[in-house]
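Colleague: Per numbering that gives the first Met the number 0, the very first residue in the sequence shown carries number 0; after that it's consecutive. The beta carbon of each residue, even a glycine, is placed where N, CA and C say it ideally should be.
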Amino acid sequence: MMLSRVAERVYWTARYLERVASTARLVSIYQSLLFDLPTTIKQSWYNLIVINDLEEAFGERYSQRNERNVVKFLLADPENPSSLLSSLKAVRENVRTTRDAVPEEAWEMICEMCLFVQEHIDQGIDRRTRHEFLEEVIKGCLQINGLLYSTMPHDESWDFFTIGSHLERGDMTSRYLEAGLTAVLELPDDDFNPSGQQIIWGSVLRSLNATQYYLHTTRTPVKGGEVMPYLLRDPVFPKSVAYCLQVIMNSCAQLPNGKAAIKKLKDIEAKLNDELDFYEPSEELLQFLNHLQISLTSIHFIINEAWFPED
Numbered sequence: 000m001m002l003s004r005v006a007e008r009v010y011w012t013a014r015y016l017e018r019v020a021s022t023a024r025l026v027s028i029y030q031s032l033l034f035d036l037p038t039t040i041k042q043s044w045y046n047l048i049v050i051n052d053l054e055e056a057f058g059e060r061y062s063q064r065n066e067r068n069v070v071k072f073l074l075a076d077p078e079n080p081s082s083l084l085s086s087l088k089a090v091r092e093n094v095r096t097t098r099d100a101v102p103e104e105a106w107e108m109i110c111e112m113c114l115f116v117q118e119h120i121d122q123g124i125d126r127r128t129r130h131e132f133l134e135e136v137i138k139g140c141l142q143i144n145g146l147l148y149s150t151m152p153h154d155e156s157w158d159f160f161t162i163g164s165h166l167e168r169g170d171m172t173s174r175y176l177e178a179g180l181t182a183v184l185e186l187p188d189d190d191f192n193p194s195g196q197q198i199i200w201g202s203v204l205r206s207l208n209a210t211q212y213y214l215h216t217t218r219t220p221v222k223g224g225e226v227m228p229y230l231l232r233d234p235v236f237p238k239s240v241a242y243c244l245q246v247i248m249n250s251c252a253q254l255p256n257g258k259a260a261i262k263k264l265k266d267i268e269a270k271l272n273d274e275l276d277f278y279e280p281s282e283e284l285l286q287f288l289n290h291l292q293i294s295l296t297s298i299h300f301i302i303n304e305a306w307f308p309e310d
């Protein structure tokens, strides 16, 4: 069994790398959503702060909830440990202290991306250049993940990397769904119609690169009643919550002391199949997604206790 401190760093490398890509996608797609919606529909950038549970931290730093402050907080604020810039620095630090467990080429690519982001972060804040900057970040994360998958031995280190990346991915998928549902619920009464909702749910699918596979699998138009269960329950789409849970369970089964995590994961998996009316946007669905996020967070604490005990 590898040292717990090494395992923990590999786990957090995966989580932070996934967080970098997810944050970049979230900001990019939300900008596209606001551009696509009719001018009569007003959506607030502050929604992105709410769905990431960052209201208190944001409020301590900024007095105005405008686009620039929200984007700066999510992308560039060094005081926000979940910002894109902070997350990328955390990736670099975790890999720096775990060099033997990660391919050298990945270390070099991470360093290059850190330099790129530090030198061009203002482009991410500027609306005119934001999309191109974020696309470069997303592309860089995909390249690093691809390199790790093809060159990193699929041993215990890989199991911890897989657990970290898929736990973060499942959590972020639930937050994308929450963002979409919140936007739908905020539609004015006269705009609360299938066309407005279709734009929003289409953006959610694009944020997860899921549009093509959703259409192929469901054979239905884009609508919340089908998008939500697809992204929650589909067993083979790599960013669905159900798929992420299954991958985490498989990795936990390869490691000692994994029974508690597997039991909790199975409980969450069962809850995904609760009878819910996905066709009717409601506060009940929001509560379901909130409880799901709390349950996924509890997995981290079980993992921490099983494999990363304090010295």
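Using a Cβ cut-off of 7 Å (strictly closer), state whether Val69 contacts chain C.
Modeller: In summary, chain C is missing from the structure at hand, where a single protein chain is found.
Colleague: Grab me the residues of Arg60's own chain with a C-beta within less than 7 Å of its C-beta, minus the 5 sequence neighbours each way, in chain order.
Modeller: Working through the sequence shown from its first residue, we reach residue 60 at position 61. Closer than 7 Å at the Cβ level, and outside the excluded window around Arg60, lie Phe72, Asp76 and Glu78.
Colleague: Which same chain residues, not among the five before or five after Ser202, have their C-beta less than 6 Å away from its C-beta?
Modeller: As a first step, residue 202 must be located in the sequence shown, where it is residue number 203. The residues are Ile28 and Leu32.
Colleague: Excluding five sequence neighbours on each side, which residues of the same chain lie with their C-beta closer than 7 Å to the C-beta of Thr96?
Modeller: As a position in the sequence shown, residue 96 is number 97, starting the count at 1. Cβ neighbours of Thr96 beyond the five flanking positions: Arg8.
Colleague: If I follow the unbroken alpha helix (DSSP H) through Lys262, where does it start and stop?
Modeller: Taking the sequence shown and counting its residues from 1, one reaches residue 262 at position 263. That run of the alpha helix (DSSP H) goes Lys258 to Lys270.
Colleague: Report the start-end ranges of each alpha helix (DSSP H) in the region 103-174 that is 4 residues or longer and not cut off at the edges.
Modeller: 103-124 and 129-150
Colleague: With DSSP run on the structure shown, which of helix, strand or coil describes Leu184?
Modeller: One-based indexing of the sequence shown puts residue 184 at position 185. Three-state DSSP puts Leu184 in a helix.
Colleague: Going along the chain, which residues of its own chain have a beta-carbon closer than 7 Å to the beta-carbon of Thr219, five neighbours each way excluded?
Modeller: Along the sequence shown, one-based indexing puts residue 219 at 220. Excluding residues within five positions, the ones whose Cβ falls inside 7 Å are Glu225.
Colleague: Ordered along the chain, which non-local residues of its own chain (more than five positions away) have a Cβ less than 8 Å from that of Trp106?
Modeller: Looking up residue 106 in the sequence shown gives position 107. Excluding residues within five positions, the ones whose Cβ falls inside 8 Å are Val94, Arg95 and Arg98.
Colleague: Considering Cα atoms alone, identify which of Lys258, Ile199, Ala20 and His290 is closest to Val221.
Modeller: What you label residue 221 is simply residue 222 of the sequence shown in a count that begins at 1. The option with the nearest alpha carbon to Val221 is Ile199.
Colleague: Contact between the region 259-276 and the region 234-251: three or more CB pairs below 8 Å?
Modeller: Look at the beta carbons and you see the region 259-276 touching the region 234-251: at least three pairs across the two are nearer than 8 Å.
Colleague: Based on Cα-Cα distance, which residue from Asn68, Thr12 and Met248 lies nearest to Gly366?
Modeller: Since the first residue shown for the chain is 0 and the last is 310, residue 366 is missing from the structure and cannot be characterised.
Colleague: Please classify Lys88: does DSSP put it in a helix, a strand, or coil?
Modeller: Start at 1 with the first residue of the sequence shown, and residue 88 comes out as number 89. In this structure, Lys88 counts as helix in the three-state DSSP scheme.
Colleague: What does a CB cutoff of less than 7 Å around Ala23 pick up in its chain, not counting 5 residues either side in sequence?
Modeller: By one-based count along the sequence shown, residue 23 stands at place 24. Around Ala23: Leu83, Leu133, Val136 and Ile137.
Colleague: Grouping DSSP H, G and I as helix and E and B as strand, with all else coil, what is Trp200?
Modeller: Along the sequence shown, read from residue 1 onward, the residue named residue 200 stands at position 201. DSSP places Trp200 in helix when its eight states are reduced to three.
Colleague: Do Gly169 and Val240 have their C-beta atoms closer together than 7 Å?
Modeller: Residue mapping note: residue 169 aligns to position 170 of the sequence shown, counting from 1. Residue mapping note: residue 240 aligns to position 241 of the sequence shown, counting from 1. Cβ atoms of Gly169 and Val240: closer than 7 Å.
Colleague: Based on Cα-Cα distance, which residue from Glu167, His119 and Gln42 lies nearest to Glu10?
Modeller: Along the sequence shown, read from residue 1 onward, the residue named residue 10 stands at position 11. Checking the sequence shown, residue 10 turns out to be Tyr, not Glu. For the residues Glu167, His119 and Gln42, the minimum Cα distance to Tyr10 belongs to Glu167.
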